Each structure stands twice: as C-alpha cells, then as structure tokens.
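Asker: Could you have a look at this structure, given as structure tokens, before my questions?
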Amino acid sequence: MSAAERALVAGLCAVGLGDALYLTFFETSALASCAPGTMLNCAVVLTSSYSRLLGVPVSFVAALWFLALGWTQAMPNPPRALLLLLSAVGLLGAVYFISIELFVLKAICSFCTLAHAVGLAAVGLTLRRIAQSAELKA
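Residue numbers (this note's numbering): 412 to 549.
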C-alpha cells in the first residue's frame with residue numbers, strides 16, 4: 412500500500428474518530444439530533460438499548476476502533492493478524508449496527524451512517540493492503 416493510500420485510510424479514521432466522539436457526546440449528554448418522528452432519528456438510535464455495550468457507549472468503542480486502525484497506518488508493516496482482527500471487528504460491527512437500525516429500531520442516525528460508511532471504506536482499503544502484502548510475499 413502506498414503512502415498516499417495509508418494517508419487516505421488514516422484520514423478516514425480521523426473522520427470516523429471525530430464522528431464517533433461527537434456521537435459519544437450526544438449519547439452521554441442526552442441531546443438528540445435529527446427530526447423526531449421520521450425514520451431519520453438519531454434520538455431513537457442513541458437512546459436504544461443497542462447504543463451501549465456493557466454500559467459503555469458503542470460510539471466510544473467505535474472511537475477506540477478508529478484510533479487503533481488509524482494507528483496501524485503509521486506502521487510500515489503492521490502485523491497481518493492485527494489488520495485482519497481490526498477489519499473483522501469493523502466489518503461485523505458495521506453490518507450488525509446497520510441491521511439493528513434498519514430492521515429492529517426502524518430508525519437511522521445520520522451520524523452513525525457516516526461512521527459506518529467511513530469505517531467500511533477504511534476496512535476495504537485495509538483488506539486491500541493485506542492482499543497486496545500477501546502477493547508481495549508470494
């Protein structure tokens with residue numbers, strides 16, 4: 412992966428980190444955004460039982476994930492297992508929470524959607540990095 416591609420992933424992680432911290436602030440301060448009464452309703456998502464993991468806001472866990480994945484971009488050769496683990500967590504987490512929003516809560520948080528989108532893009536580029544490094548070793 413080129414330096415420019417690593418910088419792109421790091422930039423995506425920075426956007427995701429900022430968004431996740433913003434969501435953590437909203438979730439912990441009980442402030443709501445988006446229009447209540449519509450499918451685009453951050454309050455429904457951020458106050459649901461799905462918004463916390465063992466008492467910790469999921470958005471804070473996401474912030475830690477973005478921080479970890481962004482940190483790997485500064486490493487010239489991060490451990491493949493670490494990249495795979497972070498990619499799996501990001502992919503499964505995004506698919507799980509998108510499904511919860513659409514099919515269980517029937518509400519979408521635009522800020523959550525931004526986190527999902529940049530997270531999935533970062534995962535895609537990270538998986539590409541893994542594939543390229545495997546090709547170089549072969």
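Think of the CB as a built atom: it goes at the ideal place given N, C-alpha and C, for glycine as much as any other residue. Since we're looking at a predicted model, the values are computed, not measured.
How about A533 and C424: do their beta carbons lie closer than 8 Å?
Answerer: In this structure, C424 lies closer than 8 Å to A533 by Cβ.
Asker: Excluding five sequence neighbours on each side, which residues of the same chain lie with their C-beta closer than 8 Å to the C-beta of L536?
Answerer: Excluding residues within five positions, the ones whose Cβ falls inside 8 Å are M412, E416, L419, V420, L423.
Asker: L432 and F522 look like a contact to me (Cβ under 8 Å); what is the Cβ gap, rounded to whole Å?
Answerer: Actually they are not in contact, since the Cβ atoms of L432 and F522 sit about 11 Å apart, beyond 8 Å.
Asker: Count Cβ pairs between the region 492 to 503 and the region 452 to 471 that sit closer than 8 Å; are there 3 or more?
Answerer: Flag = no, the region 492 to 503 and the region 452 to 471 do not touch.
Asker: Looking at the unbroken alpha helix (DSSP H) that takes in T483, where does it start and where does it end?
Answerer: Where T483 is concerned, the enclosing alpha helix (DSSP H) stretches over 469 to 483.
Asker: Would you say H527 and A542 are within 8 Å of each other, going by their C-beta atoms?
Answerer: Not in contact: H527 and A542 (Cβ atoms no closer than 8 Å).
Asker: Determine the extent of the alpha helix (DSSP H) in which S498 is found, giving its start and end residues.
Answerer: Taken as a continuous stretch (DSSP letters only), the alpha helix (DSSP H) holding S498 covers 491 to 510.
Asker: For R540, which residues in the same chain have their Cβ closer than 6 Å to its Cβ, ignoring the five residues on either side in sequence?
Answerer: Once the five neighbours on either side are set aside, the close Cβ partners of R540 are M412.
Asker: Measure how close the beta-carbons of L457 and F471 come, nearest whole angstrom, since I'm counting them as under 8 Å.
Answerer: Their Cβ separation, rounded to whole angstroms, is 12 Å, which puts L457 and F471 out of contact at 8 Å.
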